Amino acid sequence: MAQAEDVEPETYQIMRTIENSLMDNDNVDLEQYLLFWEHVCKVMGSWGTVFGFVVKDVTAKIEKLAAMRVADPESYRSIQTMARKESTDGTIRNLKPNRSGTGHLMVLNRALEFVIDMLDGVFTSDDASLKVSTPARCSYDKHLSQFHSWPIRTAVSAALYTLPRKTEFLIRLRGSMPESEDGQFHDVFNRDGRDIVRRVNQLVENFDLVNHNPSA
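When you line the sequence shown up against my numbering, it's residues 25 to 240, in that order.
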């Protein structure tokens with residue numbers, strides 16, 4: 025039987041799709057953005073029990089955005105065309121159960137900030153025995169905790185302590201990616217991820233959504 029071809033590491037696919045997400049004029053390509061999140065979710069699934077909750081929540085939102093793209097590919101080609109469409113038809117502020125695509129994007133942006141800051145804390149630490157729960161808790165408190173109920177915050181806090189130390193965590197993150205490419209992955213994820221966050225925040229400001237809470 026012929027040997028199966030090696031599967032490209034998820035980390036490579038994350039780097040490629042996050043770079044491909046960036047369009048001219050501070051826009052973001054929705055198809056590539058959703059692919060990026062799919063690959064991130066596959067990696068997060070190996071990080072620990074707490075990330076099962078994050079993956080489930082993120083997956084539900086990217087599936088809804090993907091369905092919107094299928095139904096209206098032209099309007100949901102990018103974050104700007106999506107926001108313009110939903111602003112025009114008056115749905116941009118819709119909440120659950122019919123939350124707008126822009127609302128889903130805003131929630132995903134918080135999750136992206138959480139992952140970016142957590143990974144940045146891991147990669148920039150010189151302590152190989154660092155407990156990943158430390159940067160993870162710091163990032164969770166900064167970006168997500170205020171949107172969660174007390175029972176969820178309590179459960180997440182307990183689950184964070186099950187995260188491994190830096191060395192083991194990076195082994196799970198890399199998959200088959202060589203350790204020598206840690207720096208490149210961190211640079212691309214941190215740089216382009218923060219650029220996407222900035223672009224989404226600018227979109228939120230442009231469409232007067234700064235005080236809109238899509239999680240309500």
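Glycine included, C-beta positions come from ideal geometry on N, C-alpha and C.
Values in this document were obtained by computation on a predicted structure and should not be read as measured data.
Query	Result
So what does residue 155 bridge to, in DSSP terms?	189
Measuring only the C-alpha atoms, how far is residue 185 from residue 157?	5 angstroms
If we call anything under 7 angstroms between Cβ atoms a contact, is residue 107 one with residue 197?	no
Could you check where the alpha helix (DSSP H) with residue 123 kicks off and where it finishes?	No alpha helix (DSSP H) holds residue 123; DSSP gives it neither H nor E.
Would you tell me roughly how many angstroms separate the C-alpha atoms of residue 97 and residue 68, rounded to the nearest one?	28 angstroms
Under three-state DSSP, which class holds residue 50?	coil
Helix or strand or just coil, what does DSSP make of residue 163?	helix
In three-state terms, what does DSSP make of residue 233?	coil
Taking C-alpha atoms, which residue in 55, 66, 221 and 112 lies nearest to residue 91?	55
Rounded to a whole number of angstroms, what is the C-alpha to C-alpha distance between residue 94 and residue 57?	15 angstroms
For residue 232, collect the residues of the same chain with a Cβ closer than 6 angstroms to its Cβ; drop the 5 residues on either side in sequence, then sort them by chain order.	none
Hey, out of 149, 236, 47 and 138, whose CA is closest to residue 168's CA?	138
Tell me residue 102's beta-bridge partners as DSSP assigns them.	53
Straight-line CA distance for residue 181 to residue 191?	21 angstroms
Out of 214, 47, 124 and 220, state which residue places its alpha-carbon closest to the alpha-carbon of residue 142.	214
With respect to the alpha helix (DSSP H) encompassing residue 175, which residues constitute its N-terminal and C-terminal limits?	174 to 184
Based on Cα-Cα distance, which residue from 230, 234 and 211 lies nearest to residue 42?	211
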